[in-house]
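Protein chains in written order, with UniProt numbering: chain A, 1 to 212; chain B, 1 to 212. Beta carbons are placed, not taken as given, at the ideal position from N, Cα and C, and that holds for glycine. Computed from a predicted structure; not experimentally measured. Here's the structure we're looking at; comments come further down.
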DNA sequence: GTCTATAGGATGATAGAC
DNA sequence: GTCTATCATCCTATAGAC
């Protein structure tokens, strides 16, 4: 017998269930990312998923349940690039590579970035505990690594936390403020990700390289 | 007789009208910034303004009218710091000063920053014309100024547009992602704006200073 | 599992007394 | 100018047929 403490989406057992669950989450990602939690409606999600509204609610018990399911996956994948930063690698290269990986994520997963941005800008009502928890823990750990690199003069002396913040800001900006950037740079194709890559590589390489 | 082409808020003529209009806009700024356009309700705004809902709609004909009134003021004040960047000043100092002014705005006007962020992340439905218009024009103009400085070797050779984007990103991040930063840095008081100032000063000074 | 129909509540906006 | 009462619509969620 299943737990009754929390209403949950049924664990997808059949192929159809799994497929529908994924379709719904993908549709929900699209809609939540563009309109925010409150601005998104089940009608929009249902339409995007090609299902009826009640059928949506057969797979997920409520609107918040869909959003929560998305958020659970999001934070994990969102932090993967930072986790990969290797304390034993070359300091400058590790940090620059991290920034470029983040930029790559903005290009490949702009919807996830905007979903996250919507949540944070509005006060992180649904993931504040995770920010104070696993996110803070990971950042603290990596900040210590960076501090170590600074102590051994492998990189220039800068605040590790604000360095990480600046990497988040500059890279996610290309996904979150995409319309603004397109409005200014105009070009039809997305060549601005290439120029952004060059810029950020140059930017972080220059601040990190020790002055000696 | 008044124009019937566009429903408008009554021009505030008496002191009371002016005061109420301002109270409403301030309340609306608070609520829209935190919940986005769709997430905000007239009830919330009315409560925050200390007025009844119908009384709100006496001063503004609709919810969108309030939002529009806010957006009109916003874009202007938002671009003021960039306008102040002086082609005749010292190049490095002008750009660093611009970045620090933007950071100051994030500290003093976080609600405006989040209002803007909400609008852009969700695709700028209400101000896209202004982005393609006055915003693009101003950025183009200042990018030319920066290109001139690069041409005369007063600053290092970097993409002017992405430089401006990075200034927007790194500074607005402290307002828009405030909860995240607080969750990680934790301190009770807002000392992180001081450390951010030091960091950004250092950051932009280092990339801009020519290598010669 | 999927649908139509609908309950039940919130929300933007208006009517009309004062 | 400001209020109470209310309308009309939209939205989340459920009931129940198939």
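Whole-angstrom distance between residue j and residue i, CA atom to CA atom
i, j, result
"residue 17 of chain B", "residue 61 of chain B", "14 Å"
"residue 187 of chain B", "residue 179 of chain B", "12 Å"
"residue 185 of chain B", "residue 171 of chain B", "17 Å"
"residue 82 of chain A", "residue 88 of chain A", "14 Å"
"residue 32 of chain A", "residue 49 of chain B", "29 Å"
"residue 45 of chain B", "residue 168 of chain B", "29 Å"
"residue 176 of chain A", "residue 161 of chain A", "21 Å"
"residue 39 of chain A", "residue 38 of chain B", "5 Å"
"residue 5 of chain B", "residue 70 of chain B", "At residue 5 of chain B the pLDDT is 40, less than 50, meaning the model places this residue with poor confidence; the figure from the coordinates comes in the next sentence. So the alpha carbons of these two residues sit roughly 20 Å apart."
"residue 3 of chain B", "residue 166 of chain A", "Confidence at residue 3 of chain B is low in this model, with a pLDDT of 40, below 50, so its placement is unreliable and no value can be given for it."
"residue 132 of chain A", "residue 183 of chain B", "5 Å"
"residue 115 of chain B", "residue 152 of chain B", "38 Å"
"residue 106 of chain B", "residue 13 of chain A", "49 Å"
"residue 67 of chain A", "residue 119 of chain A", "10 Å"
"residue 54 of chain B", "residue 20 of chain B", "13 Å"
"residue 27 of chain A", "residue 51 of chain B", "39 Å"
"residue 196 of chain A", "residue 47 of chain B", "44 Å"
"residue 204 of chain A", "residue 210 of chain A", "12 Å"
"residue 1 of chain B", "residue 129 of chain B", "Model confidence at residue 1 of chain B stands at a pLDDT of 38, short of 50, so the residue's coordinates are unreliable; what they give is reported in the following sentence. Looking at the two C-alpha atoms, the distance is approximately 30 Å."
Proximal chain B residues relative to residue i, where beta-carbon distance stays under 9 Å
i, result
"residue 188 of chain A", "Under the 9 Å cutoff, chain B gives no residues; its nearest Cβ is about 14 Å from residue 188 of chain A."
"residue 173 of chain A", "165, 166, 168, 169, 170, 172 and 173"
Contact set between residue i and chain A, taken where Cβ atoms lie within less than 8 Å
i, result
"residue 128 of chain B", "179 and 183"
"residue 139 of chain B", "184"
Presumed contact (8 Å Cβ cut-off) between residue i and residue j, rounded CB distance
i, j, result
"residue 121 of chain A", "residue 117 of chain B", "5 Å"
"residue 174 of chain A", "residue 193 of chain A", "7 Å"
"residue 207 of chain B", "residue 158 of chain B", "6 Å"
"residue 135 of chain B", "residue 79 of chain B", "7 Å"
"residue 98 of chain A", "residue 85 of chain A", "5 Å"
"residue 36 of chain A", "residue 36 of chain B", "5 Å"
Proximal residues of chain B, C-beta to C-beta of residue i below 7 Å
i, result
"residue 196 of chain A", "162"
7 Å Cβ cut-off: residues of chain A touching residue i
i, result
"residue 36 of chain B", "36, 38, 39 and 122"
"residue 114 of chain B", "121"
"residue 199 of chain B", "158, 159 and 162"
"residue 132 of chain B", "183"
Within chain A, the residues that residue i reaches when beta carbons sit closer than 9 Å
i, result
"residue 207 of chain B", "202, 203, 206 and 207"
"residue 135 of chain B", "180, 183 and 184"
Test item: CB-CB of residue i and residue j under 7 Å
i, j, result
"residue 29 of chain A", "residue 111 of chain A", "yes"
"residue 155 of chain B", "residue 96 of chain B", "no"
Check: residue i C-beta below 6 Å from any heavy atom of the ligand ZN
i, result
"residue 181 of chain B", "Absence of the ligand ZN is noted for the structure shown, with no ligands found whatsoever."
Under 8 Å from the C-beta of residue i: neighbouring residues of chain B
i, result
"residue 176 of chain A", "117, 120 and 121"
Three CB pairs or more closer than 8 Å across the region 143–152 of chain A and the region 127–147 of chain B: no
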